[in-house]
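Just so you know, we're using the numbering used here here: the sequence shown kicks off at 42 and counts up by one. A virtual CB, placed ideally from N, CA and C, is assigned to each residue, including glycine. Predicted model only: the values in this text are computed from it and were never measured.
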Amino acid sequence: MTTDVPGWLVVFGAVALGHVILVTLLFVAGRRLLARELALVVPNLLRLFRGLLGDRRVPLGAKLALALGLLWLASPIDLIPEFVPVAGPLDDVIVAALMLWLVSRMAGRDVVREHWRGDPAVLARVLRLA
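Okay, here's the thing in structure tokens:
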């Protein structure tokens, strides 16, 4: 009896494994703060987006952009396949940065900062990137 594993689950598992390996290598190399922030960036982004979607100060247009961006991030369809090393998650990073840029322009950086639960320096870098 064979069990077929969905392709999206294989890709998700490969990305998650790569993430764990990268965090572990950074930790072993003595870059503990960077390893910690990298390990927490996805949960922090999810909390940030959830908080922004529920905040009355965020305009409807920004909330719609956040919702569309979240659908893009959750979608198994990517411009660059996730299994491509380094470049694979690049389109997702660009979409997340664009969402944060748009929300920070429409609602203000202070509103975005209020909902960020991670290291403020990480958010500052992401906003600078955007």
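Cβ shell of leucine 111 (< 7 Å), same chain only, five flanking positions each side left out: Here residue 111 refers to the residue found at position 70 when the sequence shown is read from its first residue. The residues are Phe90.
Alpha-carbon spacing of leucine 137 relative to leucine 164, whole angstroms: Taking the first residue of the sequence shown as position 1, residue 137 is located at position 96. Taking the first residue of the sequence shown as position 1, residue 164 is located at position 123. Checking the sequence, you will find alanine at residue 137 rather than leucine. Each residue's Cα considered, the two are about 12 Å apart.
8 Å contact criterion, which methionine 140 and leucine 107 should meet: CB distance rounded: Here residue 140 corresponds to residue number 99 of the sequence shown, with the count starting at 1. Here residue 107 corresponds to residue number 66 of the sequence shown, with the count starting at 1. Contact flag correct, Cβ pair sits at about 6 Å.
Close-in-space but distant-in-sequence residues of the same chain around aspartate 133 (CB under 6 Å, 5 per side omitted): Working through the sequence shown from its first residue, we reach residue 133 at position 92. These residues qualify, in order along the chain: Leu114.
First through last residue of the alpha helix (DSSP H) which encompasses aspartate 151: As a first step, residue 151 is located in the sequence shown; it is residue number 110 there, counting from the start. From DSSP, the alpha helix (DSSP H) with aspartate 151 extends over 150-156.
Beta-carbon separation (whole angstroms), leucine 109 vs serine 145, contact threshold 8 Å: As a first step, residue 109 must be located in the sequence shown, where it is residue number 68. As a first step, residue 145 must be located in the sequence shown, where it is residue number 104. Actually they are not in contact, since the Cβ atoms of leucine 109 and serine 145 sit about 17 Å apart, beyond 8 Å.
Distance between beta carbons of glycine 159 and valine 99, contact taken as under 8 Å: Counted from its first residue, the sequence shown places residue 99 at position 58. Counted from its first residue, the sequence shown places residue 159 at position 118. Not a contact, Cβ separation roughly 19 Å.
Closest by C-alpha distance to serine 155, when choosing among Ile62, Val69 and Leu94: Residue numbering aside, residue 155 sits at position 114 when the sequence shown is read from its first letter. The sequence shown places glutamate at residue 155, rather than the serine named in the question. Of the candidates Ile62, Val69 and Leu94, the one whose C-alpha sits nearest the C-alpha of glutamate 155 is Leu94.
Cα-Cα separation, arginine 73 to valine 153: Taking the sequence shown and counting its residues from 1, the one referred to as residue 73 is at position 32. Taking the sequence shown and counting its residues from 1, the one referred to as residue 153 is at position 112. Going from the Cα of arginine 73 to the Cα of valine 153 covers about 26 Å.
Simplified DSSP assignment, three categories, for glycine 102: On the sequence shown, residue 102 is found 61 positions in, with the first residue counted as 1. Looking at glycine 102 - three-state DSSP - the assignment turns out to be helix.
Alpha carbon of glycine 92 to alpha carbon of isoleucine 62, nearest angstrom: Walking along the sequence shown from the start, residue 92 turns up at place 51. Walking along the sequence shown from the start, residue 62 turns up at place 21. Approximately 29 Å, taken between the alpha carbons.
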